[in-house]
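>
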Amino acid sequence: MIKIKFPDQTEREFSEGINPIEIAKSLSNSLAKEIIVATVDGNLWDSTRPIYTNCEIKLHKWDDTEGKHCFWHSSAHIMAEALEYFYPGVKFGIGPTIENGFYYDIDLPDGATISDSDFAKIEKKILEIAQGKHDFARKEVSKDEAIQYFQHKGDQYKLELIDELSDGTITFYSQNSFTDLCRGPHLADTSYIKAVKLMSIAGAFWRGDEKRKQLTRVYGISFPKQKLLDEYLHMLEEAKKRDHRKLGKELELFMFSPKVGMGLPMWLPKGAMLRERLENFLKKVQKKYGYQQVITPHIGMKDLYVTSGHYEKYGKDSFQPIFTPAENEEFLLKPMNCPHHCEIYKSKPRSYKDLPLRLAEFGTVYRYEQSGELHGLTRVRGFTQDDAHLFCTPDQISEEFKKVIDIVLYIFKTLKFNDFTAQISLRDPSDKKKYIGTDENWEKAEQAIIDAASEKGLTTKVELGEAAFYGPKLDFMVKDALGRKWQLGTIQVDYNLPERFELEYVGSDDRKHRPVMIHRAPFGSMERFVAVLIEHTEGKFPLWLSPEQFVILPISEKYNEYANQVLQMLDAYDVRGFIDDRNEKIGRKIRDNEMKKIPYLLVVGEKELENKTLSVRKQAEGDLGMQTIEEFARFINKEIEKELE
RNA sequence: GCCGAUGUAGCUCAGAGGUAGAGCACUUCCUUGGUAAGGAAGGGGUCAUGGGUUCAAUUCCCAUCAUUGGCUCCA
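What follows is the structure, given as structure tokens:
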């Protein structure tokens, strides 16, 4: 007999060789049917794999991440089997699970192609295999056996993977006619899978290396019930409605024009108004924190970027340099604001009494992004950073860094970005060549970030190898409507640029010292931030940011004149709106302006004219009743105050 | 950049080797209507661009441009 301990700390005895499903069955039959996989002493374990020793066990159903992942992983194997059926000779790369579903990288036989028109038949085949209720059989194999199997099959990708595994740890899983190199675990059998959908096809370089062969990646997702698939697809449809590219067009916030150039956004009047409000908001906060605004040009001499190191790093991949006709001088579009700011720092001698010097600029920068990387407003070639550079003494870093964190958190709180992750990006210790600067400075900078984040009580995730080439950073990531993560706020410590630009200050000891720089952008870029803001609010911006806060709806043309008076009076209270004086019925005006997501609809007709009032209707909520013009103006200003608290 | 998909009216989309379609938007007229679509008429397209096949191409083929999903999440 063996002793098995459950998560609630109770212990029971079972006979040796019992498996998780049988254990579940001893608790309840219905539970047994739902068990997908188990964790045994911290290791994932097939639900049908026997247990021979005392252990702690945790049973996973579909609702657990572990359950879903096992489910999808097994689905990937069945998809592989189906693909092999339609494309004999296909070779397989890797087939892991992802956040929503799974994929398999395949190398199609010569001449074969696959496109989404093939999805239906593959899905059908997958379900057919699933319904066959084939067991997933686990088999431990020796390295030699494994090599032999895939040599015989001619799958060089699997052979490459096996090559990196050590003997004695290799397992195969088979179902029906398909066997794969796999660590597992898997479902008991294929019949758990009741619904499957192939999502898309993509090219993916083998092992993520663009010098190696590009494989075809097939994405899919599967569910234990058809209803769950339907729900998932519906959820995707809903998410698409929040897409900032769609809303940006509908709400006339920004546009692109192939004639201007891909990835070069243009802000329309309403978008510009929104952006300006965000900028002014941040300027006000920054003023409180002792920042000073500066303005620098959009281009700079090549030599500026040679000094900064950007030329060496990005020069080749950037936009082509600009040459002056007479002198043949070489300029670059600025990819970053920091070199200019360094020159401002250098413009006169600085004393320790001047530090920290905080130079802020909404600086527009241009970066050549690969055409395939462009994405709405979140990934563009010309964008405006809410940039600032803090020049300080080494012992001021920690304090300054923490103040920046405060600003970021204040902004996120005001805009209700509650669901963000803070990521500390450090050097890849195994590839230090990628970075510029001394080891000692890197270590100091990395430690400064880690300490500041922990002091501010941030829950952080550390990512090695994600640092900028000139320094480590703390990034604030937020997800978009479709669950893609974007970096918004960023704070970076930099010992490198002060060195390269030979920045100095005179200390209290009357000697020259080198300052440290902190780069920071709480929004990140105005473009990306607004994109994420659109998706978060579904275009229903907080009142203070709404390009149009109210619309006046006259019941009929007879009340247009009164509407004009109201507009003028509200203008005086610093609220923004317009009159919908179209020749339409009130119901129509309400519908159209609701769809435009105008926060307040003000109906004026006979009654309002008589009493000098407004009928206030809140978007998505309905009638709030009559208010005088002053009451409404005070009310709306109070609402804004509350938002900005 | 690479792999896949897409490109038809301002927007959302249907269509077919032989004279270009719908809904919404727009213009004009009727209507002056009290909380999510009043009625009628009308204008609007080099079917992304450039080649090719064909008696005939917006449709088929090729290229280009743009948009879009992915190329990190490791058997």
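So the first sequence is numbered by this note's numbering: it starts at 812 and just counts up by one.
No residue lacks a Cβ here, since even glycine has one placed at the ideal position from N, Cα and C.
1) Measuring CB to CB, does residue 1144 end up less than 8 Å from residue 1116?
2) For residue 1278 versus residue 1237, is the C-beta spacing smaller than 8 Å?
3) Do residue 1366 and residue 1415 have their CB atoms nearer than 8 Å?
4) When the Cα of residue 956 is compared with those of 1306, 1338 and 990, which residue comes out closest?
5) Return yes when the Cβ of residue 933 is within less than 8 Å of the Cβ of residue 891, no when it is not.
6) Leaving out five residues on either side along the sequence, give the residues of the same chain with a beta carbon under 8 Å from the beta carbon of residue 944.
7) Comparing C-alpha positions only, which one of 889, 974 and 1139 sits nearest to residue 942?
8) Is the beta carbon of residue 1025 less than 8 Å from the beta carbon of residue 1034?
9) Can you list, in chain order, the residues of its chain with a C-beta nearer than 8 Å to that of residue 787? Leave out the 5 residues immediately preceding and following it.
10) With a threshold of 8 Å, are at least 3 pairs of Cβ atoms found where one atom belongs to the stretch 1121-1130 and the other to the stretch 1080-1090?
11) Would you mind working out which of 1396, 1269 and 1109 sits nearest residue 1220, comparing C-alpha positions?
12) Helix or strand or just coil, what does DSSP make of residue 873?
13) Under a three-way DSSP split, which group does residue 972 fall into?
14) Can residue 992 and residue 1009 be called in contact, C-beta distance under 8 Å?
15) So what does DSSP say about residue 893, is it helix, strand or coil?
16) Using the C-alpha atoms, what's the distance from residue 1297 back to residue 986?
17) Locate the alpha helix (DSSP H) running through residue 810, then write down its first and last residues.
18) Using the DSSP secondary-structure output, state which residues sit across from residue 984 in a beta bridge.
19) When you compare only the Cα positions, how much space is there between residue 1324 and residue 1262?
20) Less than 8 Å separating the beta-carbons of residue 981 and residue 1005?
21) Any chance the stretch 1436-1446 sits against the stretch 1195-1214, with 3 or more Cβ pairs inside 8 Å?
22) Quick one: is residue 1071 buried, meaning 16 or more other Cβ sit within 10 Å of its Cβ, or exposed?
23) Per DSSP, residue 1365 is paired with what?
24) Under 8 Å by Cβ, that's how I've got residue 1457 and residue 1387 pegged, so tell me the actual separation to the nearest angstrom.
25) Looking only at its chain, what residues have a beta carbon closer than 7 Å to the beta carbon of residue 1259, apart from the 5 residues adjacent to it on each side?
26) Who are the Cβ neighbours of residue 1108 in its own chain at under 8 Å, not counting the five residues just before and after it?
27) Considering only the alpha carbon of each residue, which of 860, 1011, 974 and 843 lies closest to residue 925?
28) Leaving aside the five residues before and after residue 918 along the sequence, list all residues of the same chain whose C-beta is less than 6 Å from its C-beta, in chain order.
29) Given 8 Å as the limit, is there contact between the stretch 1319-1339 and the stretch 1158-1175, that is, 3 or more CB pairs closer than that?
30) Please name the residue or residues paired with residue 813 in a DSSP beta bridge.
31) When you compare only the Cα positions, how much space is there between residue 872 and residue 850?
32) May I have a chain-ordered list of the beta strand (DSSP E) segments no shorter than 3 residues that lie completely inside the stretch 1285-1350?
33) Under the three-state reduction of DSSP, which class applies to residue 833: helix, strand or coil?
34) Which whole-angstrom value is the C-beta distance of residue 1339 and residue 1299, which I expect to be below 8 Å?
35) Using 8 Å as the threshold, is the C-beta distance between residue 832 and residue 864 below it?
36) Pick out whichever of 1319, 861, 1419 and 856 has its Cα sitting closest to the Cα of residue 813.
Short version:
1) Against a cut-off of 8 Å, the Cβ pair of residue 1116 and residue 1144 comes out as no contact.
2) Yes, the pair counts as a contact, with Cβ atoms nearer than the cut-off.
3) Yes. Within cutoff.
4) It is 990 whose Cα lies nearest to the Cα of residue 956.
5) No, the pair does not count as a contact, with Cβ atoms beyond the cut-off.
6) Excluding its 5 nearest sequence neighbours in each direction, residue 944 has C-beta neighbours in its own chain below 8 Å: 1000, 1001 and 1002, listed in chain order.
7) Ranking the options by Cα distance to residue 942, first place goes to 889.
8) Against a cut-off of 8 Å, the Cβ pair of residue 1034 and residue 1025 comes out as no contact.
9) Here the chain comprises residues numbered 812 to 1456, so residue 787 is not present and cannot be evaluated.
10) Judged by Cβ distances under 8 Å, the stretch 1121-1130 makes no contact with the stretch 1080-1090, as fewer than three pairs qualify.
11) Comparing Cα positions, the closest option is 1269.
12) Note: residue 873 maps to coil in three-state DSSP.
13) Residue state for residue 972 is assigned as helix, using DSSP reduced to three classes.
14) Not a contact, by the Cβ cut-off of 8 Å.
15) Helix.
16) C-alpha separation (whole angstroms): 39 Å.
17) This structure gives no information on residue 810, because the portion of the chain shown stretches from 812 to 1456.
18) DSSP, once it has assigned bridges, lists 949 and 991 as partnering residue 984.
19) Cα-Cα distance, rounded: 24 Å.
20) At least 8 Å separates the beta-carbon of residue 981 from that of residue 1005.
21) Contact fails: fewer than three Cβ-Cβ distances are below 8 Å.
22) With a 10 Å radius around the Cβ and a threshold of 16 neighbouring Cβ atoms, residue 1071 comes out exposed.
23) DSSP lists 1415 as partners of residue 1365.
24) Residue 1457 cannot be examined here, being either before or after the span of the chain that is shown, 812 to 1456.
25) Exclusion of the five residues before and after residue 1259 leaves 1208, 1209, 1212 and 1304 as the residues of its chain whose Cβ lies within less than 7 Å of its Cβ.
26) Here the set comprises 1145 and 1151.
27) Selection 860, 1011, 974 and 843 evaluated against residue 925 yields 1011 as nearest (Cα-Cα).
28) The residues are 902 and 1026.
29) The stretch 1319-1339 makes contact with the stretch 1158-1175, as at least three CB pairs between them are under 8 Å.
30) Residue 813 is bridged to 825.
31) Straight-line Cα distance between these residues: approximately 11 Å.
32) Runs of the beta strand (DSSP E) inside the stretch 1285-1350: 1296-1305 and 1327-1332.
33) Reduced to three states, the DSSP call for residue 833 is helix.
34) Approximately 7 Å separates the beta-carbon atoms of residue 1339 and residue 1299; this is inside 8 Å, confirming the contact.
35) Against a cut-off of 8 Å, the Cβ pair of residue 864 and residue 832 comes out as no contact.
36) For residue 813, the nearest C-alpha among the options comes from 861.
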